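So the structure is just underneath, and the comments pick up after that.
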């Protein structure tokens, strides 16, 4: 598919995120058939991915408290919080738990992987609202309140 902006010839099957590989121009509008073919992650996939991420966070905290010298324990605790808040902005919008379940957080408009700012927004709501945030996951787009605030969705990663 030729990009109308830069003229780059993208692969005929399209690009992973619907954008030109050369300039990033959005080739598939949000309301396109390709956008609607995206399969949302199931509640179970999201729940168990979150469970794994919680264990990673707890592991970082426990290791920090048990093996780091007292003078830098706070560094380990801060590292754990950073993981919890920014893990959805790791490569491809996948935290470690999401990698295991092959799901990814993407911007709902551009279908690009989650950015650090969007990860912060969606995960701060989880930190403050806890289980209340998850009640919203039963909506049509399966978005937690944090997803709605960050304009993100969680999708099954295409192989």
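Residue numbers (my numbering): 1 to 159.
Glycine included, every Cβ here is placed at the ideal spot set by N, Cα and C.
All figures in this text were calculated on a predicted structure; none of them were measured in a lab.
DSSP three-state call for residue i: helix, strand or coil?
{"i": "residue 85", "result": "helix"}
{"i": "residue 31", "result": "At residue 31 the pLDDT is 49, less than 50, meaning the model places this residue with poor confidence; the figure from the coordinates comes in the next sentence. Here residue 31 sits in coil by DSSP."}
{"i": "residue 144", "result": "coil"}
{"i": "residue 126", "result": "helix"}
{"i": "residue 112", "result": "coil"}
{"i": "residue 104", "result": "strand"}
{"i": "residue 9", "result": "strand"}
{"i": "residue 78", "result": "helix"}
How many angstroms separate the CA atom of residue i from the CA atom of residue j?
{"i": "residue 97", "j": "residue 1", "result": "34 Å"}
{"i": "residue 74", "j": "residue 50", "result": "24 Å"}
{"i": "residue 103", "j": "residue 152", "result": "13 Å"}
{"i": "residue 31", "j": "residue 111", "result": "In this predicted model, residue 31 has a pLDDT of only 49, less than 50, meaning its place in the structure is not dependable; the value taken from the coordinates is given anyway. Distance between the alpha carbons of residue 31 and residue 111 is about 12 Å."}
{"i": "residue 187", "j": "residue 4", "result": "In the structure as shown, the chain begins at 1 and stops at 159. Residue 187 is therefore absent and cannot be evaluated."}
{"i": "residue 146", "j": "residue 76", "result": "25 Å"}
{"i": "residue 53", "j": "residue 20", "result": "32 Å"}
{"i": "residue 137", "j": "residue 116", "result": "21 Å"}
{"i": "residue 57", "j": "residue 89", "result": "15 Å"}
{"i": "residue 78", "j": "residue 129", "result": "20 Å"}
{"i": "residue 25", "j": "residue 80", "result": "36 Å"}
{"i": "residue 150", "j": "residue 107", "result": "8 Å"}
{"i": "residue 109", "j": "residue 148", "result": "12 Å"}
{"i": "residue 91", "j": "residue 113", "result": "8 Å"}
If contacts are defined as beta-carbon pairs under 8 Å, then residue i and residue j qualify, I think. What distance do you get, rounded to the angstrom?
{"i": "residue 122", "j": "residue 134", "result": "Residue 122 to residue 134, Cβ: 12 Å. No contact."}
{"i": "residue 87", "j": "residue 64", "result": "No, residue 87 and residue 64 are not in contact; Cβ-Cβ is about 17 Å, not under 8 Å."}
{"i": "residue 48", "j": "residue 101", "result": "6 Å"}
{"i": "residue 124", "j": "residue 85", "result": "7 Å"}
{"i": "residue 155", "j": "residue 39", "result": "6 Å"}
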